[in-house]
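S.K.: Below is one structure. I have some questions about it.
In my numbering, the protein residues as written are 111 to 368.
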């Protein structure tokens, strides 16, 4: 039987800061097309693990493979080029740039015109810019932001800034989309709309999604499988129903919510 190739394969990954293991011997595998959740209490190491997956940190131990290729030691932009894009718990938009320019930035790695043509202002430069603008506006329409394309990103309401950040991540044309608490700061209606949006973009863009989220209604509503971290270690993995009824998870994280 052929060996299983995972889109994301984390093999015994650890990250140590000054002798403290923020992530300890974590292994997880995600197949193409899956929508997987990553949960755990504050300080469990979820964002540190995301930072390992996206090149912000390098693993102290273990390996991380994307499409079967090790990405340990790669820079964040290199991992984006290899097919993984992320959003952040704290929104990181270019606040003083327009909504349109925020999305166009993500397209530049796919630009067909060269720096040479841009410096000399050759026709290929203008064709490339026009194509990027057209593609960016298409994404803004999907997220109902095209009417605000010329506004500064920092002037958008919080929920729209979240949508813009997801649109920018998708514009990088990832195979794997990593969402770091996308529902943070949203009201129940916005969270419900986000749940529908995540399910839609997964199908529309043929994406694999890894989701960190504290809102359990969102996690249980969209994820097929869930990994649970506590104190930097994986303590459980399973379907939403299995996780809700797992004694270790109840003790560590869900408490009476289960």
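Built from N, CA and C at the ideal position, the CB exists for glycine as well. Since the model is a prediction, treat every value here as computed from it, not as a measurement.
Secondary structure at residue 331, three-state DSSP: helix, strand or coil?
M.R.: Residue 331 falls in the helix class under three-state DSSP.
S.K.: Look at the Cβ atom of residue 143, then the Cβ atom of residue 318, and state whether they are nearer than 8 angstroms.
M.R.: Result yes, Cβ atoms of residue 143 and residue 318 sit closer than 8 angstroms.
S.K.: Looking at residue 194 and residue 163, is the spacing between their C-beta atoms short of 8 angstroms?
M.R.: Against a cut-off of 8 angstroms, the Cβ pair of residue 194 and residue 163 comes out as a contact.
S.K.: Here's the rule: buried if 16 or more other CB atoms are within 10 angstroms of the residue's CB, otherwise exposed. What is residue 240?
M.R.: Exposed, by the Cβ-count rule.
S.K.: If we require 3 or more residues per run, which beta strand (DSSP E) segments fall completely within the stretch 180-222?
M.R.: Counting only runs of 3 or more, we get 194-196.
S.K.: Determine the DSSP secondary structure at residue 315, reduced to helix, strand or coil.
M.R.: Here residue 315 sits in coil by DSSP.
S.K.: Determine the burial state of residue 306: buried for a count of at least 16 other Cβ atoms within 10 Å of its Cβ, exposed for fewer.
M.R.: Looking at its Cβ environment, which holds fewer than 16 other Cβ atoms inside 10 Å, residue 306 is exposed.
S.K.: Can you give the Cα-Cα distance for residue 130 and residue 186, rounded to whole angstroms?
M.R.: Using only the alpha carbons, I get a separation of about 24 angstroms.
S.K.: Using C-beta distances below 8 angstroms, list every residue in its chain close to residue 158, excluding the 5 sequence neighbours before and after it, in chain order.
M.R.: Answer for residue 158: 125, 132, 133, 167 and 342, listed in chain order.
S.K.: Report the residue from 171, 140, 153 and 154 whose alpha carbon sits nearest the alpha carbon of residue 122.
M.R.: The residue with the shortest Cα to Cα distance from residue 122 is 171.
S.K.: Name the one or two DSSP bridge partners that residue 343 has.
M.R.: In DSSP, residue 343 forms a bridge with 340.
S.K.: Put residue 127 into one of helix, strand or coil per three-state DSSP.
M.R.: Here residue 127 sits in strand by DSSP.
S.K.: Determine the burial state of residue 127: buried for a count of at least 16 other Cβ atoms within 10 Å of its Cβ, exposed for fewer.
M.R.: The residue is exposed, with fewer than 16 neighbouring Cβ atoms inside 10 Å.
S.K.: Please name the residue in 316, 290, 353 and 246 whose C-alpha comes closest to that of residue 277.
M.R.: Ranking the options by Cα distance to residue 277, first place goes to 246.
S.K.: Buried or exposed for residue 316, please, with buried defined as at least 16 other CB atoms from any protein chain shown within 10 angstroms of its CB.
M.R.: With fewer than 16 other Cβ atoms within 10 Å, it is exposed.
S.K.: Ignore the nearest five residues each way along the sequence and tell me which others in residue 294's own chain have a CB closer than 7 angstroms to its CB.
M.R.: Taken in chain order, the residues that qualify are 199.
S.K.: In whole angstroms, what separates the C-alpha of residue 297 from that of residue 267?
M.R.: Spanning the two alpha carbons is a distance of roughly 13 angstroms.
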